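All the letters of the sequence shown, read from the start, carry residue numbers 80 to 282 under the working numbering. Down below is the structure, laid out as structure tokens.
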Amino acid sequence: MIMETPALLVFTAFFIADIIMVTIVQITFLAMWTSHYIDRSFIYPIKFRISLKPLPLIILIAGFGFNVINAYLNSEYIVINASKYSETWLYDTRFIAGLALFILGFIVNRRSDYTLYRIRSTFRQEYSIPQGGLYRWVSCPNYFGEIIMWTGWAISTWSPVAGAFLLWTIANLVPRARSHHQWYQKHFVDYPYERRVIIPWIW
80 MIMETPALLV FTAFFIADII MVTIVQITFL AMWTSHYIDR SFIYPIKFRI
130 SLKPLPLIIL IAGFGFNVIN AYLNSEYIVI NASKYSETWL YDTRFIAGLA
180 LFILGFIVNR RSDYTLYRIR STFRQEYSIP QGGLYRWVSC PNYFGEIIMW
230 TGWAISTWSP VAGAFLLWTI ANLVPRARSH HQWYQKHFVD YPYERRVIIP
280 WIW
């Protein structure tokens with residue numbers, strides 16, 4: 080929650096402060112960005128009653144700083160490219176495909192997170208193998224959903240800043256997914272052999 084909130088506040092603040100000519104496309108981008116970070120900053124921690132484990136100060140500072148810079152760069156690119164994001168962009172294949180991927184990834188991510196929450200609330204004293212949804216095929220569909228979501232963001236904005244953010248997301252989540260997958264295999268002798276790490280049927 081602490082590390083995610085700056086991404087919401089900074090993006091919104093710079094968007095509102097710098098905007099001159101508002102287009103429906105830019106408003107859509109604002110809605111996409113804030114939908115994710117409102118959920119991550121407030122709804123998810125409150126609804127699922129996430130227990131905040133102490134984090135090293137350096138991680139908190141790094142996460143906070145990254146979100147501030149990333150939010151500013153993404154917001155600034157969208158604002159200064161108002162002419163690019165005219166209403167005709169609504170009919171551009173990149174925008175349509177990107178928005179569809181963003182929504183799909185958002186749903187996959189949230190449903191997968193809810194599955195983990197349900198397990199933790201049911202088996203409070205022990206871990207259990209996640210079942211259902213994309214957990215039938217991969218160990219970390221929540222990460223898979225987030226990668227799909229930010230792929231959609233990068234395509235819909237067609238922004239080098241968003242592309243860089245996507246690459247960072249992949250570099251961050253793929254190793255974590257592999258670590259989780261190996262942990263499941265180590266601790267559950269009956270862990271499904273056919274279940275992949277993060278990409279269904281592939282890896």
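Just so you know, even glycine gets a beta-carbon here, dropped at the ideal spot from N, CA and C. Since we're looking at a predicted model, the values are computed, not measured.
Taking buried to mean at least 16 other C-beta atoms within 10 Å of its own C-beta, is residue i buried or exposed?
i	result
G211	exposed
R255	exposed
N105	Sequence inspection shows Gln at residue 105; the Asn mentioned does not correspond to that position. Classification of Q105: buried, given that the 10 Å Cβ count is 16 or more.
P209	buried
P85	buried
G144	exposed
A150	buried
W168	buried
T172	exposed
A250	exposed
H54	In the structure as shown, the chain begins at 80 and stops at 282. Residue 54 is therefore absent and cannot be evaluated.
W247	exposed
Y206	exposed
Y164	buried
Y214	buried
L139	exposed
Excluding sequence positions up to five away, which residues of its chain have a Cβ less than 7 Å from the Cβ of residue i?
i	result
W280	W216
N188	N221, G224, E225 and M228
A176	I234
I117	L87
W282	R275 and V276
E83	Y116, R119, S120 and N146
Suppose the cutoff is 6 Å on Cβ atoms and the five residues either side in sequence are ignored; what does the same chain contact list for residue i look like?
i	result
Y222	L252, A256 and I277
Y263	S218 and Y270
L109	F94
D192	N221
M100	A161
L152	V240
Name, in chain order, the residues that DSSP records as bridge partners for residue i.
i	result
R275	V217
Does the beta carbon of residue i fall short of 8 Å from some heavy atom of the ligand FMN?
i	result
N221	With respect to small molecules bound, the structure shown includes none, and the ligand FMN cannot be examined in it.
Excluding the 5 residues flanking residue i on each side, which residues of the same chain have their C-beta closer than 8 Å to its C-beta?
i	result
T113	L87, F90 and T91
I186	G224
A179	G231
I103	E166 and L169
Does the CB of residue i have a neighbour CB from chain C at under 9 Å?
i	result
W112	The question asks about chain C, but that chain is absent: this structure has only one protein chain.
Next on the checklist: Taking 8 Å as the cut-off, does the stretch 230 to 250 touch the stretch 156 to 172 (at least 3 CB pairs, one atom from each stretch)?
Outcome noted: yes
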